[in-house]
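See structure below.
Protein chains: 2
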Amino acid sequence: MQKKDISKAVINRLPRYYRYLGDLLEKDVVRISSKELSEKMKVTASQIRQDLNNFGGFGQQGYGYNVEYLHSEIGKILGLDKNYNIIIIGAGNLGQALANYVDFERRGFFVKGLFDVNPRLIGVSIRGVEVMDIDTLEEFISTNSVDIAALTVPKTKAAQLAADLAKWGIKGIWNFAPTDLQIPKEVTVENVHLAESLMKLSYRLSSKDNPEDEE
Amino acid sequence: MQKKDISKAVINRLPRYYRYLGDLLEKDVVRISSKELSEKMKVTASQIRQDLNNFGGFGQQGYGYNVEYLHSEIGKILGLDKNYNIIIIGAGNLGQALANYVDFERRGFFVKGLFDVNPRLIGVSIRGVEVMDIDTLEEFISTNSVDIAALTVPKTKAAQLAADLAKWGIKGIWNFAPTDLQIPKEVTVENVHLAESLMKLSYRLSSKDNPEDEE
Numbered sequence: 001m002q003k004k005d006i007s008k009a010v011i012n013r014l015p016r017y018y019r020y021l022g023d024l025l026e027k028d029v030v031r032i033s034s035k036e037l038s039e040k041m042k043v044t045a046s047q048i049r050q051d052l053n054n055f056g057g058f059g060q061q062g063y064g065y066n067v068e069y070l071h072s073e074i075g076k077i078l079g080l081d082k083n084y085n086i087i088i089i090g091a092g093n094l095g096q097a098l099a100n101y102v103d104f105e106r107r108g109f110f111v112k113g114l115f116d117v118n119p120r121l122i123g124v125s126i127r128g129v130e131v132m133d134i135d136t137l138e139e140f141i142s143t144n145s146v147d148i149a150a151l152t153v154p155k156t157k158a159a160q161l162a163a164d165l166a167k168w169g170i171k172g173i174w175n176f177a178p179t180d181l182q183i184p185k186e187v188t189v190e191n192v193h194l195a196e197s198l199m200k201l202s203y204r205l206s207s208k209d210n211p212e213d214e215e
Numbered sequence: 001m002q003k004k005d006i007s008k009a010v011i012n013r014l015p016r017y018y019r020y021l022g023d024l025l026e027k028d029v030v031r032i033s034s035k036e037l038s039e040k041m042k043v044t045a046s047q048i049r050q051d052l053n054n055f056g057g058f059g060q061q062g063y064g065y066n067v068e069y070l071h072s073e074i075g076k077i078l079g080l081d082k083n084y085n086i087i088i089i090g091a092g093n094l095g096q097a098l099a100n101y102v103d104f105e106r107r108g109f110f111v112k113g114l115f116d117v118n119p120r121l122i123g124v125s126i127r128g129v130e131v132m133d134i135d136t137l138e139e140f141i142s143t144n145s146v147d148i149a150a151l152t153v154p155k156t157k158a159a160q161l162a163a164d165l166a167k168w169g170i171k172g173i174w175n176f177a178p179t180d181l182q183i184p185k186e187v188t189v190e191n192v193h194l195a196e197s198l199m200k201l202s203y204r205l206s207s208k209d210n211p212e213d214e215e
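So the protein sequences, as listed, match chains B and R.
In terms of the numbering used here, the first sequence opens at residue 1 and continues consecutively.
In terms of the numbering used here, the second sequence opens at residue 1 and continues consecutively.
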């Protein structure tokens, strides 16, 4: 499938399409017009058509989109037709929240290991996965197939840990530490910066006359 | 301060500037050129100048930016010169993670209440704040000044809860439920969709030849 020219903006919208189509599937909706999809998603119908045309378009004039087919095709584009083994480094509340999130599993993301430095957490079992000593991390990675490491550790630990993970061959890092990781280009990093999200909210609350809020 | 014409893209970058400048402040850095800031942040120097010019610019030719002043001015733009009272609805792992995040407090976000339906959680104290029965939520809001509600509840509960919060006068919702809330325009919603973030990571991992990865 041709993916070369897809803009970042389109990629950012795809997971949302996928979620909406999944909701429709759960309600046994078989097909939907771009107009209906547009009303639900608050994106213009032409934007939807344009986005999906990037992938050859999946709609048929006068029929609309087949929900199951479109959901499955977007899933493939997002790489959700594969399984990913995840480890979570930092088994505090946030790490445990991620480990407990069953929806991830449904989409092919399997938590294979949890690691922490805290002796009170080591040995504790979260949804059948035992928290291991972070000192065993390198060995675990060398003897298991790990695709993604979620980093839920303090900012001060994240940089070194990410460098180690890159060295040990991890290709994807889901970073929750409030810092930007400087690691080799062959490692893909997706950041979730919660404090920045909260600042965007305070910006919008404190400038309520801003037309951007209307979006 | 004139904020009317600031684009969403600029607003999205401001928290990152704020974070970097905060890191520099912690290291007692007094001033920085747009070139140095650019190298640290991997944004072009001209982008930085352009972004900051939206707010009148804070730099001086040949001097660069005064770190403390710029940090404080961006903080004001982001509304961080005020305090916000937050309640967290859903005191599971994710809600507890948010309640435990001291950095929020440092930036003026104070957790005033935690709510849950689970009797095993009600009465538990998280950093000095007791988890309350969600049935007392309306009364709590009517008798306390609450600016922001963080929603860490299941998707199925989020829509009704958000509608109630809007009715009870809450102006800002920080939504972690994997659904888009349909509520009145006067309520500001900031979404953190973790599953979508993970899908973006899998997209980039599964299309590693995509030039978008290089960004």
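Backbone N, C-alpha and C fix where the C-beta goes; we use that ideal spot for every residue, glycine too.
For clarity, every value in this text was computed on a predicted model and none was experimentally measured.
Where residue 191 of chain B falls: helix, strand or coil (DSSP)
strand
For residue 171 of chain B and chain R, any beta-carbon pair shorter than 8 Å?
yes
Look up residue 84 of chain R in the DSSP assignment and say whether it is helix, strand or coil.
strand
Please report the residue range of the alpha helix (DSSP H) in which residue 221 of chain R lies.
It is not possible to answer for residue 221 of chain R, since the shown part of chain R is limited to 1 through 215.
Which residues in chain B have a C-beta closer than 8 Å to the C-beta of residue 174 of chain R? List them in chain order.
197, 198 and 201
Of the residues R:140, R:123, R:134 and R:43, which one's Cα is nearest the Cα of residue 152 of chain R?
R:134
First and last residue of the uninterrupted alpha helix (DSSP H) at residue 183 of chain B:
Counting along the chain, residue 183 of chain B falls outside any alpha helix (DSSP H), and DSSP gives it neither H nor E.
Take every Cβ of the stretch 176-189 of chain R, pair it with every Cβ of the stretch 58-68 of chain B, and state whether three or more of those distances are shorter than 8 Å.
no
Taking 8 Å as the CB-CB cut-off, is residue 16 of chain B touching chain R?
yes
Counting C-beta neighbours from all protein chains within 10 Å, is the total for residue 147 of chain R 16 or more, i.e. buried, or is it exposed?
buried
Using only CA atoms, which one of R:8, R:9 and R:42 lies nearest to residue 298 of chain R?
Residue 298 of chain R falls outside the range modelled here, since chain R spans only 1 to 215, and no answer is possible.
Taking one C-beta from the stretch 119-130 of chain R and one from the stretch 175-183 of chain R each time, how about it: are there three or more such pairs within less than 8 Å?
no
Distance, Cα to Cα, residue 73 of chain B vs residue 154 of chain R?
27 Å
Using 8 Å as the threshold, is the stretch 79-87 of chain R in touch with the stretch 96-115 of chain R, meaning 3 or more CB pairs across them?
yes
On the criterion of 16 or more Cβ atoms from any shown chain inside 10 Å, does residue 51 of chain R qualify as buried, or is it exposed?
buried
With DSSP collapsed to three states, give me the class of residue 62 of chain B.
coil
Specify the secondary structure class of residue 114 of chain B as computed by DSSP and reduced to three states.
strand
Should residue 125 of chain R go down as buried or exposed, given a rule of 16 or more other Cβ atoms within 10 Å for buried?
exposed
Exposed or buried, residue 203 of chain B, counting other C-beta atoms within 10 Å across all chains shown (16 or more means buried)?
buried
Using the C-alpha atoms, what's the distance from residue 91 of chain B back to residue 116 of chain B?
6 Å
Compare the C-alpha of residue 35 of chain B against each of B:45, B:26, B:28 and B:27 and name the closest.
B:45
On the DSSP bridge list, what partners appear for residue 41 of chain R?
Answer is none; residue 41 of chain R lacks a bridge partner.
Counting only C-beta atoms, is residue 111 of chain B closer than 8 Å to chain R at any point?
no
Would residue 201 of chain B and residue 168 of chain R be called neighbours here (beta carbons separated by less than 8 Å)?
no
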